[in-house]
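Just below is one structure, and these are the notes that go with it.
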Amino acid sequence: GSGSSNSGQGAKQQRGDRSGSVSPDSQDANARWDLPTPASVKEAEASLNEIYGAPAEIAKKKKEDRRELAKKLLSESDRFRNEPIEFYAVLTRAKDLAAESGDVATCVDALKKMKQHFELKDNGVRMKALDTTARNVGDDRGALSPLGDAAMTLGNETLEVDDFQTASAAFRLAIAAARRANDQQKVV
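-12 is the number of the first residue of the sequence shown in my numbering; add one for each residue after it.
This is the structure:
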């Protein structure tokens, strides 16, 4: 009844207390966590460093090794779903490593997972990841087309929310990727 203050809404708030937000596993399928604070992410990264290695160590590895680590982080990210700060940190590291190694699919998948589970209000994070991936993908035509598609999707999404600066950058990236892939159907 109306006297119960701990109905479904209270259960939603129970998980995710460390980040002060709603769990995406709650009854509301569209619920997302707020982004954790940079300080809390830095703490979570310390435990990731113990499991997966410190960023300085990882940076010394070959591009293919960094790509494989990005895939491993993404595939193991669900281990951290009940800990939103760690979950965000592992997805961020997977995204960054994928972008730095030119792995379009893993970068895009990490971004999708981040957007699905967290309130990503800064479209610049997504744009920066796609830009970094574009710089590192080389001339792999098989990767350039999905990169262009991801950039086009970001452009359309940001256009819908009047983020014209990001939309413009995303559309430019989509066109550049299509040109590099020699995809005449997508080049305007």
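Every residue gets a Cβ at the ideal spot worked out from N, C-alpha and C, and that includes glycine. Predicted, not measured: the structure shown is a model, and the values here were computed from it.
- If you ignore the 5 residues before and after A97, its C-beta comes within less than 7 Å of the C-beta of L61, L78, A81, K82 and A85, all in its own chain and listed in chain order.
- Listed in chain order, the non-local C-beta contacts of R53 below 7 Å within the same chain comprise I45, L84, E87 and S88, local neighbours out to five positions each way being set aside.
- Rounded to the nearest angstrom, the Cβ distance from L107 to M101 is 6 Å, consistent with a contact under 8 Å.
- Remark: C-beta atoms of L141 and A168 do not approach each other more closely than 7 Å.
- Residue pairing by DSSP places F105 opposite W20 in a beta bridge.
- If you draw a straight line from the Cα of E63 to the Cα of F158, it is about 32 Å long.
- Taking a contact as a CB-CB distance under 8 Å, the pair L134 and V124 counts as one, their CB atoms being some 6 Å apart.
- Residue burial annotation: E51 is exposed, with fewer than 16 other C-beta atoms found within 10 angstroms of its C-beta.
- For A156, the enclosing alpha helix (DSSP H) starts and ends at F151 to R167.
- In this structure, the CA atom of K47 is about 32 Å from the CA atom of R166.
- DSSP places K47 in the coil class of the three-state scheme, outside both helix and strand.
- In this chain, the alpha helix (DSSP H) harbouring D136 covers R128 to E147.
- Counting every other CB atom within 10 Å of its CB across the protein chains shown gives T24 a total below 16, marking it as exposed.
- The alpha-carbon of A43 is positioned some 21 Å away from that of R122.
- Inclusion of T120 and V91 in the CB contact set at 7 Å is warranted, their separation being smaller than that value.
- Shown here for F67: same chain residues with a beta carbon closer than 7 Å to its own, the five before and five after excluded, namely E73, F74 and V77 in chain order.
- Judged by DSSP secondary structure, V77 falls within the alpha helix (DSSP H) whose first and last residues are P71 to E87.
- Approximately 6 Å separates the beta-carbon atoms of A164 and A138; this is inside 8 Å, confirming the contact.
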